[in-house]
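Below: the structure, in C-alpha cells.
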Amino acid sequence: MQSEQSVALTDSQVDIILTDLMDIYGYDFTNYSRASLKRRILLLMSNDRFPSFAEFRFRLRTDGDYFNRFVEKITVNVTEMFRDISFYKTLRHDILPLLAARPLIRIWHAGCSTGEEVYSMAILLHEANLLNKSLLYATDINPAVLDKVRAGIFPISQMKQYSENYILSGGKKDFSSYYTAQYNAVRFEEYLGKKIVMATHNLVSDGSFNEFQLILCRNVLIYFDKPLQDRSLRLFYNSLEMLGYLALGSKESLKFTEIQQHFKQHESGEKIWRKVS
Amino acid sequence: MAKGLLNNRVIPQHRLLAIGGSAGSLAMTLKIVSLLKGQMGLAVIVIFHRKTTDDTTLIHLFSERTDFHVKEAEEKDEILPGTIYIAPADYHLLIENDFTLSLDVSEKVNYSRPSIDITFESAAEVYRQGLACLLLSGANADGVEGLKKARALRAAILVQDPRCAEVPYMPQEAVNNVPVDLLVDDNNLSNIFTLPDWRPVANPPETF
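Residue numbers (this note's numbering), protein chains in the order written: chain A, 395 to 671; chain B, 2 to 209.
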C-alpha cells in the first residue's frame, strides 16, 4: 500500500524545519526534546499525506494557516480533569486553605492546553468559596486551544473518568452539577469560566507578566531540553510571590535545577514546591 | 564499559536491550533479569503495560534478582550500562540522540501508554545495531510496528515463542509480521546476550 509506506525524516531535516519556523514565523522550537518533536512531525506528515519532505517543507514555509496547524499538532494537548488524584487532594486540603486569607488570589496555568486543569482548579476554588476573589490565568503557546478553554466545552466521553477522579480526589458534590450535557459534549457552568483569563504565552521567548500565589505547569517541561527548562523555571521563580507555590507534573522535579535552593517541597511528597527565599 | 576513541575523546559504546511486555510477561522478564550480572556493557529498558500504580513493586522484584541498578526511567536520565530503566505508567518513553531518556504524555497508541512501539522505534533510531528488542506475552498488537522499524534499522529482533507465552497474541502477531532473529523460550534465554549481530554503537550515532 502506497500510503502505508512510512515517510522518513532525518535529524537534519528536522533541523531544517526548525530553522524555517524561526526565520519565517519567529517561533523557536530548537529547545524542545528532539525525539518527541521528530515523532510528532513525522505523524503530521503522514496524516496529511505529504509524499515527500520537500513538499511538506514548502507548504509549511508558504502557508501561514498550515503553520498554525503545525503548532497545534506538534504541541501535545493531552490533558485530563483532576489527573493525579493525590495531587488534587493536596491542593484542596493543604494548599488552597493557605491562600484563603489573600484579598486576591492569582493563579497561573502555564501551558494550559485545552483547559481541563484550569476548570478543575475553578471547581476547587468554587468549593472553597474562593472563586469570587480569584483570577486564573490560562496561557499556552497554541492559540487554537485557548478558544477551547474559553468555550468550556469538553467531550462527554471523558466525564465518567473525570467524575471518578473528582470524587477520589475529595470532591463531595455530584460532578454533573457543574455542566450541561449537549449531544457529545458538555458545557461547564459559566460562573466557572468567568474568572479565567486567557492569553498566548511562549515559555521560550516571553517574560513574566504578573505576580502569582500559585503557578501550575504540569507535563510541559518534559518536552524541553535543560536550558529551556531552566529558563522556564527562572521565569516561574520571578513570577511567584514569596511563599507562593509552584506545581509540576508527576514526573517533573526541581532536582538538579538552579532554583532548587529557593524552594521547599511540600511534605506530602507531591510535586508542589513553596518559594522560601 | 567498552570505550572507543574519536577526536581524541574517549567515547562510550552503547548496547541496549529493550523488553516490551503486556499480560503474562512478568515471569519471563524476571528470568531474564536474573541473568543480568556484572559488566555486560549493556543497559536495559522495560516497557510494561500496566495500570497506574506505584512503581516500587517492580523495582523491588527486579532488584532482588540482579546486581544491575534498577530505577524508574526519569526524563533526562543518561542511559548507563549496568542499569535497568522501567518505563513509568501513563507516559511514553523515548530515547534522545545523546542517549538520554525523555517522557511524553501524548495520545495512547494501541490503547497503551507507555507504548512499546514508540520506545522500540525511538531506541532503534539511536542505537541501530546496538539494540535488541524483545517482545513478550500480551493480548494486543503493540510492539509489532516498533519491531518492524527496529528491524529496518538493523536492530536484533527477539520474540517470546508464542507456544510458551501465557498470552500468545502479541508475540504471535510479531512472528506473523516481522522476521525474527531469535525465538526465546525458557531454555535459550542466555543466547540473548551472545547474538552475533548485536554490537555496541558509538556516540554520536551515524546519520542516515
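In this text, a Cβ means the ideal position worked out from N, Cα and C, and glycines have one as well.
Reduced DSSP category for residue i - H, G, I as helix; E, B as strand; rest coil
{"i": "B:E296", "result": "Lying outside 2 to 209, the shown extent of chain B, residue 296 of chain B is not represented and no answer is given."}
{"i": "A:M416", "result": "helix"}
{"i": "B:M29", "result": "helix"}
{"i": "A:R668", "result": "strand"}
{"i": "B:A88", "result": "coil"}
{"i": "A:G509", "result": "coil"}
{"i": "A:Q552", "result": "helix"}
{"i": "B:H50", "result": "coil"}
{"i": "A:A402", "result": "coil"}
{"i": "B:L94", "result": "strand"}
{"i": "B:G5", "result": "With a pLDDT of only 47 at B:G5, under the threshold of 50, the placement of this residue in the model should not be trusted; the figure read from the coordinates follows. Correct three-state label for B:G5: strand."}
{"i": "A:M439", "result": "helix"}
{"i": "A:A504", "result": "strand"}
{"i": "A:E652", "result": "coil"}
{"i": "A:T473", "result": "coil"}
{"i": "A:F618", "result": "strand"}
{"i": "B:G21", "result": "strand"}
{"i": "A:E466", "result": "helix"}
{"i": "B:Q173", "result": "helix"}
Inter-residue Cα distance where the pair is residue i and residue j
{"i": "A:L437", "j": "A:K483", "result": "36 Å"}
{"i": "B:F100", "j": "B:V106", "result": "20 Å"}
{"i": "A:L431", "j": "A:K467", "result": "10 Å"}
{"i": "A:L455", "j": "B:L102", "result": "As written in the sequence, residue 455 of chain A is Arg, which differs from the Leu given in the question. Each residue's Cα considered, the two are about 31 Å apart."}
{"i": "B:P180", "j": "B:E167", "result": "22 Å"}
{"i": "A:M475", "j": "A:E511", "result": "5 Å"}
{"i": "B:L135", "j": "A:F481", "result": "35 Å"}
{"i": "B:H1", "j": "A:L490", "result": "Residue 1 of chain B falls outside the range modelled here, since chain B spans only 2 to 209, and no answer is possible."}
{"i": "B:D78", "j": "A:E584", "result": "44 Å"}
{"i": "A:S406", "j": "A:L412", "result": "10 Å"}
{"i": "B:S35", "j": "A:N526", "result": "59 Å"}
{"i": "A:Q607", "j": "B:I80", "result": "37 Å"}
{"i": "A:N604", "j": "A:D457", "result": "34 Å"}
{"i": "B:A90", "j": "B:T120", "result": "13 Å"}
{"i": "A:H503", "j": "A:L610", "result": "5 Å"}
{"i": "A:M636", "j": "A:Y419", "result": "37 Å"}
{"i": "B:L159", "j": "B:Y92", "result": "24 Å"}
{"i": "A:F423", "j": "A:I501", "result": "26 Å"}
{"i": "B:P206", "j": "A:D619", "result": "In this prediction, B:P206 scores a pLDDT of 47, lower than 50, which makes its location untrustworthy; no coordinate-derived value is stated."}
{"i": "A:S570", "j": "A:M515", "result": "16 Å"}
{"i": "A:Y421", "j": "A:I535", "result": "10 Å"}
{"i": "A:K589", "j": "A:Y513", "result": "10 Å"}
{"i": "B:P172", "j": "A:Y426", "result": "35 Å"}
{"i": "B:A157", "j": "A:T651", "result": "38 Å"}
Strand pairing of residue i, partner residues [DSSP]
{"i": "B:V202", "result": "B:H15"}
{"i": "A:I499", "result": "A:S528"}
{"i": "A:T594", "result": "A:D534"}
{"i": "B:V127", "result": "Bridge partners of B:V127: none, in fact."}
{"i": "A:I547", "result": "A:R581"}
{"i": "B:E79", "result": "B:T101"}
{"i": "B:L159", "result": "B:L135 and B:L183"}
{"i": "B:H70", "result": "B:T84"}
{"i": "A:L642", "result": "A:C611"}
{"i": "B:V110", "result": "B:S113"}
{"i": "B:V45", "result": "B:L18 and B:I85"}
{"i": "A:Q576", "result": "A:A579"}
7 Å Cβ cutoff, residue i in contact with chain B
{"i": "A:I609", "result": "no"}
{"i": "A:R612", "result": "no"}
{"i": "A:Q399", "result": "Legend: pLDDT at A:Q399 = 46, less than 50; position of this residue unreliable, no value from coordinates given."}
{"i": "A:I616", "result": "yes"}
{"i": "A:A538", "result": "no"}
{"i": "A:V625", "result": "Per the sequence presented here, residue 625 of chain A reads as Arg, with Val not at that position. By this cut-off, A:R625 is not an interface position."}
{"i": "A:A504", "result": "no"}
{"i": "A:S551", "result": "no"}
{"i": "A:K669", "result": "no"}
{"i": "A:K645", "result": "yes"}
Residue-chain proximity (residue i, chain A), Cβ-Cβ < 7 Å
{"i": "B:V47", "result": "no"}
{"i": "B:E174", "result": "no"}
{"i": "B:E97", "result": "yes"}
{"i": "B:V106", "result": "yes"}
{"i": "B:S113", "result": "no"}
{"i": "B:P89", "result": "yes"}
{"i": "B:S191", "result": "no"}
{"i": "B:S103", "result": "yes"}
Short CB-CB distance (under 7 Å) between residue i and chain E
{"i": "A:R628", "result": "This model lacks chain E altogether, as its protein chains are A and B."}
**Request:** Report yes or no: do three or more beta-carbon pairs, one from the region 445-459 of chain A and one from the region 78-93 of chain B, lie closer than 8 Å?
**Result:** Look at the beta carbons and you see the region 445-459 of chain A not touching the region 78-93 of chain B: under three pairs across the two are nearer than 8 Å.
**Prompt:** At a cut of 8 Å, does the region 116-132 of chain B reach the region 44-61 of chain B through at least three beta carbon pairs?
**Reply:** As far as the Cβ criterion goes, the region 116-132 of chain B touches the region 44-61 of chain B, which means the pair count is three or higher.
**Message:** For the pair the region 24-31 of chain B and the region 136-156 of chain B, tell me if three or more CB-CB distances fall below 8 Å.
**Reply:** Counting Cβ pairs under 8 Å, three or more are found: they touch.
**Message:** Under 8 Å: do the region 571-582 of chain A and the region 543-551 of chain A share three or more Cβ pairs, one atom per stretch?
**Reply:** Output reads yes: the region 543-551 of chain A touches the region 571-582 of chain A.
**Any 3 or more C-beta pairs closer than 8 Å across the region 558-574 of chain A and the region 537-544 of chain A** = No contact exists between the region 558-574 of chain A and the region 537-544 of chain A.
**Request:** Please determine if the region 121-135 of chain B and the region 147-164 of chain B are in contact, where contact requires at least 3 C-beta pairs separated by less than 8 Å.
**Result:** Contact between the region 121-135 of chain B and the region 147-164 of chain B is present, because at least three Cβ pairs lie under 8 Å.
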